[in-house]
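Its first residue numbered 3, the sequence shown is counted upward by one per residue in this note's numbering.
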Amino acid sequence: MKKIVLTGGGTAGHVTPNIALLPSLQEAGYEVHYIGSYTGIEKNLIEDMGIPYYGISSGKLRRYFDMKNFTDPFRVVKGFGEANRLLKEIKPDVVFSKGGFVTVPVVMAAHHNKIPAIIHESDMTPGLANKLCIPSATKVCCNFRETFDLLPDGKAVLTGTPIRKELFEGSPARAAQFCGLDVDKPTILVIGGSSGSVVINKVVRESLDSILPNFQVIHLCGKDHLDETLQDKEGYVQFEYISNELRDLFALSDLVISRAGANAICELLALQKPNILIPLSKAASRGDQILNAKSFKKNGFSYVLEEEELSSTSLLNAIRDVSTHKEQYINAMKESEMSDSIGTIMKLIKELSGE
């Protein structure tokens, strides 16, 4: 039986693609192990699935001054020692890393032990953790062709992000019943990110009177961002967040308004949902969402609205444009090279593990 070590943590976005790979790995007969941090979000998510989990020391490399910058390198060194010991015990045939700072010592230890390591970079430009991992990686999975220019020759593979199979199994009827909406009326799904977006929430709510005559709206507004004054507004339903029902909400939706995080937009691409992307501004991020959105716009997958340009007028114009040309957006997504991310990544895993 072939063995694989998965690693990734710190945020759900560094764990859920690994979880999406699990059924295919198990079906292919791989014995799966997981290395994460001692107490990160990944620990409970993976242990709940019955996968052997090992915690290691993990630091964080910050781009700003913090006293922890002087102590965290020692945590990374300790993590390397722990990962090195674990890999010698497990003896995996291959390591797959989805990112986050906990992966740095794991990928470096894999290289030290001559174990092939595949890392996945979701954004167009590699984040700091993956930049540190790239020299030790055998292959780098990418979501954007533009990323190839930033990587050593021969390492980049265009794969897209692994998407959970359940997302393709949604039911419009279940969503309509859950939300109390009409299954036959065009529906807009608004996703402002896991913590919500004050700017997007505000403009969407200001635009409701113009949107609702033609659409019904499902609004995922983030924790503590519900507007009690709109609870009884016909055709509008709001939730702080959604878990298991998300697949049904996607199935009901004709158009999605979303931030431009890499995992989120890859889900929209895989589901072929016409969309409007409102990337997080550069003032609030390293600008990766802006680059992601520009690439999707260039490929004809998305309509992009910069946050600085967002207003009721610009949002309504965007909705009108995407609704009018939705078949063009869908056709462009159908022709994407990333239609089978799990299949492409599994082929790579099998090649590097000697199958």
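Just so it is clear, CB atoms sit at the ideal spot from N, CA and C, and this is done for glycine as well.
Cβ neighbours of Glu2 in the same chain (closer than 8 Å, five flanking residues each side left out): With the chain represented from 3 up to 357, any question about residue 2 goes unanswered, as that position is not in the structure.
Where Glu337 falls, given that 16 or more other Cβ within 10 Å makes a residue buried: The sequence position of residue 337 within the sequence shown is 335, counting from 1. So Glu337 counts as exposed.
From Pro154, Lys204 and Leu251, residue whose alpha carbon lies closest to that of Tyr177: If you number the sequence shown from 1, residue 177 lands on position 175. Here the sequence assigns Ala to residue 177, which means Tyr is not the residue at that position. Among Pro154, Lys204 and Leu251, the Cα nearest to that of Ala177 belongs to Leu251.
Meets three-Cβ-pair contact criterion under 8 Å: the segment 232-247 and the segment 196-216: yes
Paired residues, beta bridge with Leu257 - DSSP: Along the sequence shown, one-based indexing puts residue 257 at 255. DSSP output for Leu257 lists Ile190 as bridge partner(s).
Beta-carbon separation (whole angstroms), Leu282 vs Arg249, contact threshold 8 Å: Counting from 1 along the sequence shown, the entry for residue 282 is found at position 280. Counting from 1 along the sequence shown, the entry for residue 249 is found at position 247. Your pair Leu282 and Arg249 does not check out as a contact, with CB atoms roughly 25 Å apart and the cut at 8 Å.
Rounded distance between the beta-carbons of Ile6 and Tyr32, thought under 8 Å: Indexing the sequence shown from 1 puts residue 32 at position 30. Indexing the sequence shown from 1 puts residue 6 at position 4. About 5 Å; that satisfies the 8 Å criterion.
Residue burial classification, Ala175 (beta-carbon count within 10 angstroms, cutoff 16): By 1-based counting over the sequence shown, the position of residue 175 is 173. Its Cβ having fewer than 16 others within 10 Å, Ala175 is exposed.
Nearest-angstrom Cα separation, counted from Gly156 out to Cys181: Your numbering for residue 181 matches position 179 in the sequence shown. Your numbering for residue 156 matches position 154 in the sequence shown. C-alpha separation (whole angstroms): 48 Å.
Gly42 versus Val104, Val34, Ile92 and Lys90, residue with shortest Cα-Cα distance: Walking along the sequence shown from the start, residue 42 turns up at place 40. Taking only the C-alpha atoms, the option nearest Gly42 is Val104.
Beta-carbon proximity of Ile92 to Met51, cut-off 8 Å: By 1-based counting over the sequence shown, the position of residue 92 is 90. By 1-based counting over the sequence shown, the position of residue 51 is 49. No.
Beta bridge counterpart(s) of Phe303 as assigned by DSSP: Counting from 1 along the sequence shown, the entry for residue 303 is found at position 301. Answer is none; Phe303 lacks a bridge partner.
C-alpha distance - Ile121 paired with Asp186, whole-angstrom precision: The residue labelled residue 121 in the question sits at position 119 within the sequence shown. The residue labelled residue 186 in the question sits at position 184 within the sequence shown. C-alpha separation (whole angstroms): 42 Å.
Residue closest to Ile190, alpha-carbon to alpha-carbon, out of Leu307, Ser199, Val206 and Val200: As a working note, residue 190 is residue 188 in the sequence shown. Of Leu307, Ser199, Val206 and Val200, the residue nearest in Cα terms is Val206.
Reduced DSSP secondary structure (H/G/I, E/B, other) of Arg64: Along the sequence shown, read from residue 1 onward, the residue named residue 64 stands at position 62. With a pLDDT of 49 at Arg64, under the threshold of 50, the predicted position of this residue should be treated as unreliable, though the coordinate-derived value follows. Reduced to three states, the DSSP call for Arg64 is coil.
Length at least 4, wholly inside the segment 23-49: the alpha helix (DSSP H) runs in chain order: 43-49
Test item: CB-CB of Lys4 and Glu357 under 8 Å: Position 2 of the sequence shown, counted from the first residue, corresponds to residue 4. Position 355 of the sequence shown, counted from the first residue, corresponds to residue 357. It is a contact, given that the beta carbons lie within the stated cut-off.
Nearest neighbour of Arg147, chosen from Ser355, Thr140 and Met126 [CA to CA]: Along the sequence shown, one-based indexing puts residue 147 at 145. Of Ser355, Thr140 and Met126, the residue nearest in Cα terms is Met126.
Alpha-carbon spacing of Gly57 relative to Gly38, whole angstroms: For the purposes of this step, residue 57 is identified with residue 55 of the sequence shown, where counting begins at 1. For the purposes of this step, residue 38 is identified with residue 36 of the sequence shown, where counting begins at 1. Answer to the nearest angstrom: the Cα atoms are 5 Å apart.
Cβ separation of Thr9 and Val97, assumed to be a contact under 8 Å, to the nearest whole Å: Residue numbering aside, residue 9 sits at position 7 when the sequence shown is read from its first letter. Residue numbering aside, residue 97 sits at position 95 when the sequence shown is read from its first letter. Approximately 7 Å separates the beta-carbon atoms of Thr9 and Val97; this is inside 8 Å, confirming the contact.
Short Cβ contact (8 Å threshold) for Ile202 with Leu222: Within the sequence shown, residue 202 is the residue found at index 200, counting from 1. Within the sequence shown, residue 222 is the residue found at index 220, counting from 1. No. Outside cutoff.
Alpha carbon of Ala85 to alpha carbon of Lys284, nearest angstrom: On the sequence shown, residue 85 is found 83 positions in, with the first residue counted as 1. On the sequence shown, residue 284 is found 282 positions in, with the first residue counted as 1. Distance from the CA atom of Ala85 to the CA atom of Lys284, rounded to whole angstroms, is 35 Å.
Counterpart residues of Val219 in DSSP-defined beta bridges: Within the sequence shown, numbered from 1, the residue matching residue 219 stands at position 217. Note: Val219 sits in a beta bridge opposite Ile190 and Tyr238.
Alpha-carbon spacing of Ile136 relative to Leu47, whole angstroms: Within the sequence shown, numbered from 1, the residue matching residue 136 stands at position 134. Within the sequence shown, numbered from 1, the residue matching residue 47 stands at position 45. Their backbone Cα atoms lie some 26 Å apart in a straight line.
For Val7, the three-state DSSP class (helix, strand or coil): Within the sequence shown, numbered from 1, the residue matching residue 7 stands at position 5. Correct three-state label for Val7: strand.
Sequence-distant residues of the same chain with beta carbon closer than 6 Å to Leu293, five excluded per side: Translated into the one-based positions of the sequence shown, residue 293 becomes position 291. Same-chain partners within the cutoff: Met126.
Residue environment, Asn246, which counts as buried when at least 16 other CB atoms sit within 10 Å: What you label residue 246 is simply residue 244 of the sequence shown in a count that begins at 1. Exposed, because fewer than 16 other Cβ atoms sit within 10 Å of the Cβ of Asn246.
Host alpha helix (DSSP H) of Ser343 (start-end): The residue you call residue 343 lines up with position 341 of the sequence shown. Residues Ser343 to Leu354.
Straight-line gap, Leu210 to Asn333 (C-alpha atoms, nearest Å): On the sequence shown, residue 210 is found 208 positions in, with the first residue counted as 1. On the sequence shown, residue 333 is found 331 positions in, with the first residue counted as 1. Rounded to whole angstroms, Leu210 to Asn333 spans 29 Å at the Cα level.
Chain-order list of residues whose beta-carbon lies under 7 Å from that of Ser316 (same chain, five-residue window excluded): For the purposes of this step, residue 316 is taken as the residue at position 314 of the sequence shown. Closer than 7 Å at Cβ, skipping near neighbours: Leu307.
Exposure label - Ser313; buried when at least 16 CB within 10 Å: For the purposes of this step, residue 313 is identified with residue 311 of the sequence shown, where counting begins at 1. Burial call: exposed.
Run of the alpha helix (DSSP H) containing Ser314, from where it starts to where it stops: The residue you call residue 314 lines up with position 312 of the sequence shown. Ser314 -> alpha helix (DSSP H) spans Ser314 to Thr326.
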